[in-house]
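I have placed the structure first, in the form of structure tokens, so that the comments after it can refer back to it.
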Amino acid sequence: MSGSKKVSDVEYRIDFLTNKLTGFFIKISSVTKSGDDEKLIGGLHHVTNDIERLGDYAILLFGETKYMKEKKVKFLDQTKEELGQIYKNISEMFDLGFDAFSNRRTENFKKISNLHKIVKKQITTTRNEHVVRLSSGIYPVEVSKSIYSVLFSLQRIADHIVNIAFSIRSTTGSKKEALKAIAMEKKRMQVQ
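Per the working numbering, residue 380 is the first one in the sequence shown, and the count goes up by one each step.
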């Protein structure tokens with residue numbers, strides 16, 4: 380099976396499951412009386428949508444790769460190295476984020492948050508470096524669309540991973556809200 384077919388099949392399954400889970404969450408929420416249950420269902424709904432968006436960005440990245448091959452658009456080795464570092468950090472975020480969500484663990488929140496900051500900084504640096512390379516004539520203008528598309532997708536993937544991880548302490552996956560909730564939990568435990 381080709382890479383394109385695999386990505387499409389996985390995205391189809393993610394979309395299918397998202398629709399089924401959303402319908403299920405709506406049914407459950409109509410009979411739920413507990414505020415805690417409503418928060419959990421709301422959080423799961425947000426996570427389902429975040430996972431669905433990860434699939435969408437995988438499709439966008441795959442499409443951009445296909446476009447680059449067809450148009451013979453190539454990144455410089457420096458750009459490939461920069462993207463490789465960003466990918467490495469996002470992969471680590473992915474592992475830590477899904478571990479946090481699956482096991483309801485907050486221990487790696489700080490590491491996830493730090494990696495997110497690093498990724499954002501790396502993306503900004505790569506964008507800025509691209510402008511310098513473009514201005515100096517190292518890159519043709521045609522490369523810009525691909526670089527910006529890839530960087531945008533990687534940024535959004537990192538953002539959705541953060542939402543998934545932090546959803547265990549914030550219905551919307553807000554990093555700020557989740558860290559505040561953890562701080563309050565620690566204070567309550569110190570008082571007891």
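Virtual Cβ for every residue (Gly too), placed ideally from N, Cα, C. Treat the numbers as computed from the prediction; the structure is a model and nothing was measured.
DSSP-derived helix/strand/coil call for residue i
| i | result |
| --- | --- |
| T375 | This structure cannot speak to residue 375, because the chain is shown only from 380 to 571. |
| I547 | coil |
| K453 | coil |
| S515 | coil |
| K566 | helix |
| G552 | coil |
| E486 | coil |
| S523 | helix |
| S532 | helix |
| K412 | coil |
| S381 | coil |
Supposed close pair residue i, residue j - CB separation, criterion 8 Å
| i | j | result |
| --- | --- | --- |
| L400 | I536 | Actually they are not in contact, since the Cβ atoms of L400 and I536 sit about 20 Å apart, beyond 8 Å. |
| I543 | I430 | 7 Å |
| S532 | Y436 | 5 Å |
| A557 | F488 | 7 Å |
| L475 | K490 | 6 Å |
| E508 | E443 | The pair is not a contact, with the Cβ atoms about 19 Å apart (cut-off 8 Å). |
| K499 | Q534 | 7 Å |
| K555 | V541 | In fact, because the Cβ distance is near 11 Å, the residues do not count as touching under 8 Å. |
CA-to-CA distance, residue j to residue i, given in whole angstroms
| i | j | result |
| --- | --- | --- |
| I393 | I465 | 24 Å |
| T397 | R567 | 36 Å |
| V452 | V522 | 6 Å |
| K496 | I405 | 35 Å |
| K524 | G422 | 35 Å |
| G516 | V510 | 10 Å |
| K448 | T411 | 51 Å |
Cutoff 8 Å: residue i Cβ touching any chain C Cβ
| i | result |
| --- | --- |
| S514 | Going by chain labels, chain C is absent from the structure shown, which holds only one protein chain. |
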